[in-house]
Amino acid sequence: MFREGGGGMKESRLFQSPHPWALLLSAALLCAPLVVHAQTLSGVRVLPHAGPDYTFSGWQSEGPVSAVQTVPLDLGDQVYGATLQVQPATSGETYRVRVQYETSLGLSAEGPHLDLTEWKHCVSDWQVAQAIDVVSFELPTPTSEQGECFPAYTQAELTAAVHAYARNAGDTGMAERWLDGLRTPPLGMSQTTLSVSPFVAISEVRVKVEVLRTGKWIEVTRIVFAPPMGC
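What the sequence shown shows, in this note's numbering, is residues 105 to 335, in sequence order.
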C-alpha cells in the first residue's frame, strides 16, 4: 500500500483526502432530494366541510410547504370526511394521502379538563385516504376502536403523570385538586371538590402526503391536526 521514494514514504492514493469538488458534489447529491421535495407542492388545503356528524371550517397552507406543520383546530372543527387537495408545482405526478390517529387520556370535571398529551398514547396504523381525483382526497373518519384505544395504566402511573403535568404548568397544587376528584366517591364530594373522570380522545390526526417517484412513495409533507380533546 505504500511505496518509497524521494527520501520518505508517500501516502497511497487510496487514503488521500477527496478533492473539494468531490465533497461539494456529494453534498449536492444528498441535499437534492430534500430540495425537490420542498418544491413538489405549491400548497395544500382542506376544504370546508359540513357533514351529518362533523364539520370543518377549512384550512390552507401559507408560504412554502414545510416538511412538517402542526395545525391546532378550533372547538367543533374536525377534518373527518373533509376533502384535502394538493396543489402540485408541476403536473403529471401521482400522489396519495395516508392518515394516522393518536389518542391521549384526559381528566374531565364536567367542563374543565386536563389533557395528558405528553403521556401515554395509542397510535393507529396508517390508513390510505380515498382518492376523489388526482389531487383531491377524502380524509377518513376514525372508527370507534381507533378513537377509544388506549394502553393499560396503573393508578400510580396516572398520579405521576398528573403531578408531572402540574409541575410543567408551574402549579403543583393543581395535581391534588384533580386527583382528589378521582379518589373521592361522588356521594362524598364537597362543594370544593371536583368530580373527575378519565376519558380518551384523539389528540392528533396526522396526514401524510406522498408522491410516487421511481416506483417508491416518498413523503412530501406531513400535517398534524390537533383537535381539542374536551368541551
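The beta-carbon is built from N, C-alpha and C at its ideal position, and this holds for glycine as well.
Predicted model only: the values in this text are computed from it and were never measured.
Collapsing the DSSP output to three states places LEU283 in a helix.
DSSP, reduced to helix, strand and coil, places ALA235 within a strand of the structure shown. A residue is called buried when at least 16 other Cβ atoms come within 10 angstroms of its Cβ; LYS312 meets this threshold and is buried. Note on geometry: alpha-carbon atoms of LEU262 and LEU211 lie some 10 Å from one another. Going by beta carbons, VAL232 and GLN189 fall outside the 9 Å limit. C-alpha of VAL300 to C-alpha of LEU177: approximately 25 Å in a straight line.
Counting C-beta pairs closer than 8 Å gives fewer than three between the region 265-277 and the region 241-254, which falls short of the contact rule. If you check the CB distance, VAL203 and ARG310 come in under 9 Å. Boundaries of the beta strand (DSSP E) harbouring TYR199: 199-212, taken from the DSSP string.
Note on geometry: alpha-carbon atoms of ASP219 and SER170 lie some 27 Å from one another. Contact between VAL175 and PHE160 fails: their C-beta atoms lie close to 11 Å from each other, not under 8 Å. For VAL266, the enclosing alpha helix (DSSP H) covers residues 259-273.
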